[in-house]
Amino acid sequence: MAKGSVQIVVERCKACGFCVEFCPTHVLALSSAFNAKGYHTPYMVHPEKCSGCDLCGMYCPDFAIFGFKSAEETKKTQAKPESKEAAAPPPAAVESEEAPDAR
Amino acid sequence: MHADPAGVLTGSHFLDGDHACCEGALAAGARFSSGYPITPSTEVVERFASRVPTVGGVFIQMEDELAASIALQGAVWGGAKAFTVTSGPGFSLMMEHIGYAAMTETPCVFVDVQRGGPSTGLPTLPAQADMMQARWGSHGDYAIIALCPNSPQECFDLTITAFNYAEKYRCPVFVMLDEVVGHMTEKVVIPPAEQIDVEPRRYTKLPPEAFALYEPDADLVPDMPHVGEGYNVHVTGLTHDERGYPDMRPAVQDRLVKRLVEKITKNVDKITLFEEDQIDGADVVVVSYGITSRVAQRAIDMARAKGVKVGKFRLITAWPFPEKQIAAIAEKVKALVVPELNLGQMVREVERAAAGKATVRLVPHAGGSVHKPEDILNAILEVTRG
Amino acid sequence: MAETLVTPQNPVEQFLRMDRIPHIWCPGCGIGTSVNSFARALVDAQIDTKHLAIVSGIGCSGRVAGYTKFDSFHTTHGRAIPFATGLKLANPKMNVVVYSGDGDLFAIGGNHLIHAARRNVDLKVVCVNNLIYAMTGGQTAPTTPGAVTTSTNPYGTYDPAFNLPYLVEAAGAVYVARWTAFHVRQLARSMEEMFAKKGFSFIEVLSPCPTLYQRRNKMGDGLDTMKFYKEKSKVRNGAPTSEVGLSKSGEIVVGKFVDRERNDYGMLMHDRMVEALGDDYVETEACSCQ
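Right, here's the structure in full:
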């Protein structure tokens, strides 16, 4: 089970490539599909490698992608002492309105 | 609402106009000023710097007029009543931010102690040549209010009026002194605080979810939010919609800019202040303002002694211009004589309002001193004869 | 609890005016990236955002005020700092951030910047430096390095450029750091540290401007510039700011350069008044009117 996942708001993406380049485990790639503005948006080509570190989210200039840890992983992190490196917030019960479109 | 007694120096004083203006600001509730030294206005903020720490507030001398004219607006949004003072060259520098105040509907007061110009001009001598600049100085369409005191007492009283108008109509309001009114020393009576009416800030009673930053009331003026209370206001100088969000569409521009002007023009009857005397039956009326009105009074008295039926109309609010009153007078009299310490500024408004119904005779003066009463008298006699 | 039941919200969205997204910044622009770091810093520093005000000037970076959900003020070109000074002095409980660009803060706004730093007004200043005037079409900025093409230097620039950390330190700032849009985590940490400082704090964030600066100079796109930052940056915390000037293609020194203690302006004013006036000094929490 992957430690984390990403959520992508496809219509916001401008295909700058930051998330693809700077993902530490090379989870992402630009897909051949494109959004309404013609940009080739990213997708998880290696979802099993995602740690939910949210570096993609920190790089994204368009707020179009973010990473989050799985519920299991979050429980593990919360059991440990607070780490400054904890990137994503715990998965609170906030239903996202956008379709979690990660192809 | 009554004035806060902390800022009211009740009593009978011997003050010059600049000092009286400062006391007016304090009485009105001003607790922040950002200024920059410029003759002949500096005494206003020098006194404020001395007084306000014992009243409860802040004075900061900024690095230039550009900074002074915007710092006070930051203070206004922070919750204070704020003002600055300047003269010609500084007034010119402040123009962009006067436009910002008009566009963002920031209530604030600008005092201009007019001096000879253009450019560095005559730093220590009077003129009244910034009158059109007060109305039109910044780019774009907007409206302002300008008051012209003619004595230190009026410097006190009208500065309070200026602050009250600023809060009521959410626009920059100008107190147009000149170097003579600013530096003349006369008796100034400051009443007890409970006799001074002060306009409170029109804070909204709506909660953040229901509040729109620029949704106007029936009087075309919107209420203000408190900063720091979760309203998440967005204030911008860009053309904006009722939420305050930038919007470039011509329809939005039309709606916004027309309202910025109409909130003044449609409320003109509540704003206009003037003084008139012996208008009925007059052949000629002298229209004047500021220090020139004091000299004009002498000329009027001299003319009346010669049997001339001359009336007096003194602009206390120069802007919005009292068109209705001047138009009505022009119907009844032969001529309007307009002395001013410039080469013809407010006279253009008089001509416009008179619409040819009466002769309009300017008595210009390039500045540097006040008119000689004889110059105004001669003009009165000329138009009566002709 | 099922794994896929609920998805969390992007941590930056709570601080954005979502009704104004998507924003106007170009693909590969680093301003949005800096906002992510800012959002992270707000969370980690547990900033009470009800009392946060953000003031910006004119330019691409100046648009940050319009997209962020705080009491936000989009002021005139170069004058965010004096506006912020008035706001802070009249209402000291507000945490006042200035978020603007290199042209806005150092050309037209240069005078105000040095005086606010001199006074040590308690402002947190984030300067996104894209080495150009982007919004107006790519004119030379006081930070544009030599021999690059801009719209007002069509034959190449020859103005010497400012070294921003050096200037701001000399003027009196208590916290001076530089990062690039590549250094998202370090930038967030710096911003967090900045929130804990009292006094004039300054962070320079180098950002790509793919549409104007990079394109005119055939330097690739935003990603190429981010890779350039990664390759050329050297973290030198505590480096003398006189030595951190930038050149067109040379080393980029990043890090925290200055972190010192000085009484901020509010404290200076208070202490002087108490000294001079004693009990006659009327101290107020804020200069507020009814």
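Going line by line, the protein sequences match chains S, C and P. Going by our numbering, the first residue of the first sequence is number 1, and it counts up by one from there. Going by our numbering, the first residue of the second sequence is number 1001, and it counts up by one from there. Going by our numbering, the first residue of the third sequence is number 2001, and it counts up by one from there. Backbone N, C-alpha and C fix where the C-beta goes; we use that ideal spot for every residue, glycine too.
Please classify residue i as buried or exposed, where buried requires at least 16 other C-beta atoms within 10 Å of its C-beta.
| i | result |
| --- | --- |
| C/S1119 | exposed |
| P/K1985 | No answer is possible for residue 1985 of chain P: the residues shown for chain P start at 2001 and end at 2290. |
| C/G1281 | exposed |
| P/P2160 | exposed |
| C/D1004 | buried |
| P/P2240 | exposed |
| P/T2157 | buried |
| S/S69 | Correcting the residue type first, residue 69 of chain S is Lys in the shown sequence and not Ser. Buried, since its Cβ has 16 or more Cβ neighbours within 10 Å. |
| C/P1192 | exposed |
| S/A99 | Any answer about S/A99 is weak, because its pLDDT of 35 lies below 50 and its placement is not dependable; what the coordinates show is given next. That one is exposed. |
| C/H1139 | exposed |
| P/L2277 | exposed |
| P/V2235 | exposed |
| P/L2113 | buried |
| C/S1050 | exposed |
| C/F1014 | exposed |
| P/Q2046 | exposed |
What whole-angstrom Cβ distance do residue i and residue j have, given they're in contact under 8 Å?
| i | j | result |
| --- | --- | --- |
| C/P1200 | C/A1020 | About 23 Å separates the two Cβ atoms, so there is no contact after all. |
| C/I1190 | C/V1008 | 6 Å |
| C/V1175 | C/V1109 | 7 Å |
| C/T1106 | C/W1077 | 7 Å |
| P/P2145 | P/L2223 | So it is not a contact: roughly 21 Å between Cβ atoms. |
| S/I65 | S/P47 | Not quite, the Cβ-Cβ distance comes to about 13 Å (not below 8 Å), so this is no contact. |
| C/R1314 | C/S1293 | 5 Å |
| C/P1172 | C/I1098 | 5 Å |
| P/G2066 | C/H1234 | 6 Å |
| C/I1326 | C/A1296 | Between C/A1296 and C/I1326 the Cβ distance is about 16 Å, and since that is not below 8 Å, they are no contact. |
Can you list, in chain order, the residues of its chain whose CB lies under 6 Å from that of residue i, leaving out five sequence neighbours each side?
| i | result |
| --- | --- |
| S/E82 | In this prediction, S/E82 has a pLDDT of 46, which is less than 50 and means its spatial position is unreliable; nothing more can be read from the coordinates. |
| S/P90 | In this predicted model, S/P90 has a pLDDT of only 41, less than 50, meaning its place in the structure is not dependable; the value taken from the coordinates is given anyway. Result list for S/P90: T74, in chain order. |
| C/M1103 | G1237 |
| C/H1365 | L1341 and H1371 |
| P/V2274 | Y2281 |
| S/F18 | Y59 |
| P/S2151 | G2137, G2138 and Q2139 |
| C/K1168 | E1199 |
| C/G1182 | G1017, D1018, P1040 and V1113 |
Quick check: what's the CA-CA separation for residue i versus residue j?
| i | j | result |
| --- | --- | --- |
| C/A1143 | C/Q1133 | 12 Å |
| C/P1126 | P/F2257 | 53 Å |
| P/V2254 | P/M2226 | 14 Å |
| P/A2177 | P/Y2166 | 10 Å |
| P/L2005 | S/Q7 | Only weak support is given to the placement of P/L2005: the predicted model assigns it a pLDDT of 48, under 50, and the question is left unresolved by the model. |
| P/G2059 | P/N2129 | 11 Å |
| P/C2289 | P/V2097 | 23 Å |
| C/A1305 | C/P1339 | 20 Å |
| C/V1180 | P/E2283 | 36 Å |
| P/R2185 | P/D2264 | 28 Å |
| S/V9 | C/A1071 | 40 Å |
| P/M2001 | S/P24 | In this predicted model, P/M2001 has a pLDDT of only 42, less than 50, meaning its place in the structure is not dependable; the value taken from the coordinates is given anyway. Roughly 28 Å separates the two Cα atoms. |
| C/N1150 | C/E1331 | 27 Å |
| S/C50 | P/R2017 | 29 Å |
| C/L1066 | C/Q1195 | 36 Å |
| P/Q2009 | S/F34 | 23 Å |
| C/E1186 | C/I1291 | 13 Å |
| C/Q1128 | C/M1302 | 24 Å |
| C/L1381 | C/V1308 | 8 Å |
| P/A2147 | P/G2220 | 17 Å |
| C/D1277 | C/A1025 | 29 Å |
| P/S2072 | C/G1011 | 43 Å |
CB-CB under 7 Å to residue i, same chain, minus the five flanking residues each way: which ones, in chain order?
| i | result |
| --- | --- |
| C/A1006 | V1055 and G1056 |
| P/A2117 | V2168, A2171, G2172, A2173 and F2200 |
| P/C2026 | P2210 and T2211 |
| C/C1148 | M1176, Y1289, G1290, L1315, I1316 and A1318 |
| S/G52 | K3, G4, S5, G67, F68, K69, S70, E73 and A88 |
Looking only at its chain, what residues have a beta carbon closer than 8 Å to the beta carbon of residue i, apart from the 5 residues adjacent to it on each side?
| i | result |
| --- | --- |
| C/P1246 | T1236, L1238, T1239 and H1240 |
| C/I1394 | Absent from the structure is residue 1394 of chain C, since the part of chain C shown begins at 1001 and ends at 1386. |
| P/D2271 | N2263 |
Does the region 1083 to 1099 of chain C come into contact with the region 1017 to 1036 of chain C, if we say contact requires no fewer than three beta-carbon pairs (one atom in each stretch) closer than 8 Å? Yes, the region 1083 to 1099 of chain C touches the region 1017 to 1036 of chain C.
Pair every Cβ in the region 2027 to 2037 of chain P with every Cβ in the region 2103 to 2117 of chain P, then say whether three or more of these pairs are closer than 8 Å. Short answer: they don't touch.
The region 1259 to 1276 of chain C touching the region 1342 to 1354 of chain C, judged by at least three CB pairs closer than 8 Å: With a cut-off of 8 Å on Cβ pairs, the region 1259 to 1276 of chain C is not in contact with the region 1342 to 1354 of chain C, counting fewer than three such pairs.
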